[in-house]
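**Q** Numbering (my numbering), first residue to last: 408 to 598.
From the three backbone atoms N, C-alpha and C, an ideal C-beta is built for every residue, glycine too.
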Amino acid sequence: MDAKTEAAAPPPSYKDFEPFCEWQREKDKDILVVQLPSGFKKEHLRVMVSNQGLVRFSGERDAGGNTRYRFQREIRVAKDCNMSGIQAKFMRENLHIIMPKNPTATAAQDQAAPPAGESGEHAKLKQEQGKSDEEGKVDESRDPVEGRSGAEGGLSSLKTWVKVAVVAAVVVAFGAFAAQYYQNFINFTKK
Numbered sequence: 408m409d410a411k412t413e414a415a416a417p418p419p420s421y422k423d424f425e426p427f428c429e430w431q432r433e434k435d436k437d438i439l440v441v442q443l444p445s446g447f448k449k450e451h452l453r454v455m456v457s458n459q460g461l462v463r464f465s466g467e468r469d470a471g472g473n474t475r476y477r478f479q480r481e482i483r484v485a486k487d488c489n490m491s492g493i494q495a496k497f498m499r500e501n502l503h504i505i506m507p508k509n510p511t512a513t514a515a516q517d518q519a520a521p522p523a524g525e526s527g528e529h530a531k532l533k534q535e536q537g538k539s540d541e542e543g544k545v546d547e548s549r550d551p552v553e554g555r556s557g558a559e560g561g562l563s564s565l566k567t568w569v570k571v572a573v574v575a576a577v578v579v580a581f582g583a584f585a586a587q588y589y590q591n592f593i594n595f596t597k598k
């Protein structure tokens with residue numbers, strides 16, 4: 408009978424969450440830092456690299472009682488990434504996914520010719536200024552959660568469009584109300 412009561416234990420309930428992800432761009436690699444809540448350990452995490460240029464990372468841990476915390480994310484890797492060199496490290500409650508760039512891609516960027524109409528010195532100065540401005544910033548043209556850029560968008564762009572649609576609906580509704588109110592006012596004053 409004891410085996411039957413143990414087998415009838417209720418399945419665990421899950422609290423899904425989305426960890427905050429931040430890109431750190433460097434000359435020879437990109438690093439995705441995934442900030443996890445306290446309590447996660449290395450053995451609670453899993454990182455997989457697919458042949459289709461995707462990195463999947465997930466984690467699950469006990470939250471006490473019959474509850475578990477879990478997350479799962481997927482990002483598209485940059486085209487200039489060395490897929491076989493991707494590494495994951497767990498440091499200070501953060502998961503660091505290190506994506507080295509192909510040596511040929513970084514060398515090609517370094518040796519790129521200046522744009523037409525710019526001298527070599529001017530282009531070099533402009534490149535150095537851009538580099539100092541870019542250090543420590545997150546690439547906002549790319550959705551760090553889904554790894555997609557611009558028009559492809561991910562969950563965050565969907566949320567943005569929903570917000571825009573709600574604001575537009577409120578503006579239209581207010582305009583209709585104001586027009587109706589104005590029409591009633593005109594009709595009232597004509598009597």
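1) For the beta strand (DSSP E) containing E617, list its first residue and its last residue.
2) Comparing C-alpha positions only, which one of F497, A580 and Q587 sits nearest to F447?
3) From the DSSP secondary-structure annotation, give me the bridge partner or partners of D423.
4) Mapping the DSSP letters down to three states, classify A530 as helix, strand or coil.
5) In whole angstroms, give me the CA-to-CA distance for Y476 and L439.
6) Counting along the chain, where does the beta strand (DSSP E) carrying V496 start and finish?
7) Measure the alpha-carbon distance for H451 versus D423 and round it to whole angstroms.
8) When the distance is taken between beta carbons, is K449 closer than 8 Å to M506?
9) Taking the alpha-carbon of Y421 as reference, which of E500, Q590, F581 and T474 has the nearest alpha-carbon?
10) Starting from P418 and walking both ways along the beta strand (DSSP E), at which residues does that stretch end?
11) Taking just the CA atoms, how far does V441 sit from R499?
**A** Reading off the structure:
1) Nothing about residue 617 can be reported from this structure: the residues present for the chain run from 408 to 598 only.
2) Taking the first residue of the sequence shown as 1, we reach residue 447 at position 40. Residue F497 is the option with its Cα nearest to F447.
3) On the sequence shown, position 16 is the one that residue 423 refers to. R477.
4) Here residue 530 refers to the residue found at position 123 when the sequence shown is read from its first residue. Here A530 scores only 46 on pLDDT, less than 50, and its place in the model is too uncertain to base an answer on.
5) Numbered from its first residue, the sequence shown carries residue 476 at position 69. Numbered from its first residue, the sequence shown carries residue 439 at position 32. The straight-line gap separating the alpha-carbon atoms of Y476 and L439 is approximately 21 Å.
6) One-based indexing of the sequence shown puts residue 496 at position 89. Inspection of the sequence shows that residue 496 is occupied by Lys rather than by Val. Where K496 is concerned, the enclosing beta strand (DSSP E) stretches over Q494 to M498.
7) The residue given as residue 451 occupies position 44 in the sequence shown. The residue given as residue 423 occupies position 16 in the sequence shown. Computed Cα separation, rounded: 14 Å.
8) The sequence position of residue 506 within the sequence shown is 99, counting from 1. The sequence position of residue 449 within the sequence shown is 42, counting from 1. No, these two residues do not count as a Cβ contact at 8 Å.
9) One-based indexing of the sequence shown puts residue 421 at position 14. Answer by Cα proximity: T474.
10) As a position in the sequence shown, residue 418 is number 11, starting the count at 1. Note, P418: premise wrong, no beta strand (DSSP E); not H, not E.
11) Here residue 499 refers to the residue found at position 92 of the sequence shown. Here residue 441 refers to the residue found at position 34 of the sequence shown. Here the alpha carbon of R499 sits roughly 11 Å from the alpha carbon of V441.
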